[in-house]
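Residue 176 in this note's numbering is what sits at position 176 of the sequence shown, and the numbering runs on without skipping anything. Note that CB positions come from ideal geometry on N, CA and C, so glycine has one too. All values derive from a computational prediction rather than experimental measurement.
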Amino acid sequence: MVALLPLLIGYYKFFGSSADRYANSISVLENHSVIPLPKLLHMSAMLSIFYLVAEYFWYAAITNMSVAVGTAIYNCSPLFVYCLSVCFLHEQLSFKKAFGMLTSLLGVMLVIMFQDGSNVDSIEGTSIVAGLLMVVSAALYAGYQVSLRLMVGEDFTHSPTLLMLAGFCGLFTIPPWILGSFLMAESPFPLLYESLGLPGTGEGIVLLVLCGILMVVFCAFQPLAICWTSPLETSVGCMLMLPVSGIMDTMVHHTVFSWQCIVGSLLVMGGFVILEARKKKSMPKPQDSDVTFSPCA
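The structure is reproduced here in structure tokens:
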């Protein structure tokens, strides 16, 4: 996420006003943020705690379970998002919202369970501790999304400020990430141990770089999606990666999926359509100017 900051600064240096070209990096960010920079840094520090701990629990859990089972458990995140939205964002309980969310969850479970025929053995072999870690990760990530919307306000859609907020969140995660990496490399506990090192092959390096680029793109669009729509719609929308990955596997690897996977993909997309169909008639349009910052917390 921290890569968003130099990208924003570079954009305004080349395509901004003459004042931006001769200003230092801090001044450029201050000029294009509708939230005072000290306030933005404070918000980023708070949000980075949710993000960092959620990512740690995810990586700690995924080493002790199959990817399919981990994905299935992690996709319970919309349930936590919905509960937190009702409590803190004054989201109204609605049959359509609950039905759309549960429809997508059912589709995800079908895709995960039948992508390789059956994963019953993997589920039975998953430890209780690993499963609980994955659930905690999903809950914390839901807290990150809801906290982001709560901090900036319900009608806040200023794109540069949201991108700065995401970038500063990444900046605050770097020191504990470096310290934690060395601590886990020396950890005597198998659950906490993580070795240091880079991929040993050229293909691994390419995939690592590609993963980093795609993560920057994801981190750029995610805060915009959360504030332009809602945390619930964004969380359910992320489930669309499952049917999209199925399409890519079919086109690139000529993979043949079972009918359960196809039905699951349709349910995921159907649940997202249900959520979109219930949207209010008058939604705030994304704007990059004339925005008043009115935090909810």
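Residue i burial status per 10 Å Cβ neighbour count (16 or more: buried)
i	result
R149	buried
M215	exposed
G197	exposed
E186	exposed
E124	Residue confidence for E124 is low, a pLDDT of 49 falling below 50, so the modelled location carries little weight and cannot support an answer.
P243	buried
M113	buried
S332	In the structure as shown, the chain begins at 1 and stops at 297. Residue 332 is therefore absent and cannot be evaluated.
L162	buried
L40	buried
Proximity below 8 angstroms, CB of residue i to CB of residue j
i	j	result
L267	G107	yes
C227	L47	no
F80	A139	yes
A142	C219	no
V305	L110	With the chain covering only 1 through 297, there is no way to say anything about residue 305.
W58	M134	yes
M269	L232	no
S258	F172	no
C261	G246	yes
Y12	H42	no
L52	P176	yes
I213	T103	no
Rounded separation between residue i and residue j - CA only
i	j	result
T201	C211	15 angstroms
P160	H90	26 angstroms
F156	L208	34 angstroms
T255	P223	33 angstroms
F50	S147	9 angstroms
G204	A60	21 angstroms
E154	V86	13 angstroms
E276	S195	43 angstroms
S27	R21	10 angstroms
C83	F15	42 angstroms
S25	L183	33 angstroms
L179	I128	28 angstroms
L301	A54	This structure leaves residue 301 out entirely; the chain is present only between 1 and 297.
I62	G70	6 angstroms
I9	S18	13 angstroms
A225	P188	41 angstroms
G237	V217	16 angstroms
P78	Y56	19 angstroms
P199	S181	16 angstroms
I174	K97	37 angstroms
F221	A23	27 angstroms
V206	S94	45 angstroms
V136	T250	33 angstroms
Contact belief for residue i with residue j at Cβ below 8 angstroms, rounded distance in angstroms
i	j	result
V2	H158	Rounded, the Cβ-Cβ distance is 20 angstroms, inconsistent with contact.
Q145	S235	6 angstroms
N64	L105	Not confirmed; about 23 angstroms, so no contact.
M164	L7	With a Cβ gap of about 11 angstroms, M164 and L7 do not count as contacting.
Coil, strand or helix - residue i by DSSP
i	result
H32	coil
D155	coil
M1	coil
S258	coil
N204	The sequence shown places Gly at residue 204, rather than the Asn named in the question. DSSP places G204 in helix when its eight states are reduced to three.
C87	helix
T229	coil
Y193	coil
Q145	helix
L8	helix
L93	coil
T161	helix
G246	helix
S27	helix
T63	coil
L276	According to the sequence shown, residue 276 is Glu rather than Leu. Here E276 sits in helix by DSSP.
C219	helix
C76	coil
P38	helix
G270	helix
E186	coil
S17	coil
P199	coil
Contact test: residue i Cβ vs the ligand ADP heavy atom, cutoff 7 angstroms
i	result
A61	Looking at this structure, you won't find the ligand ADP or any other ligand, since it has none at all.
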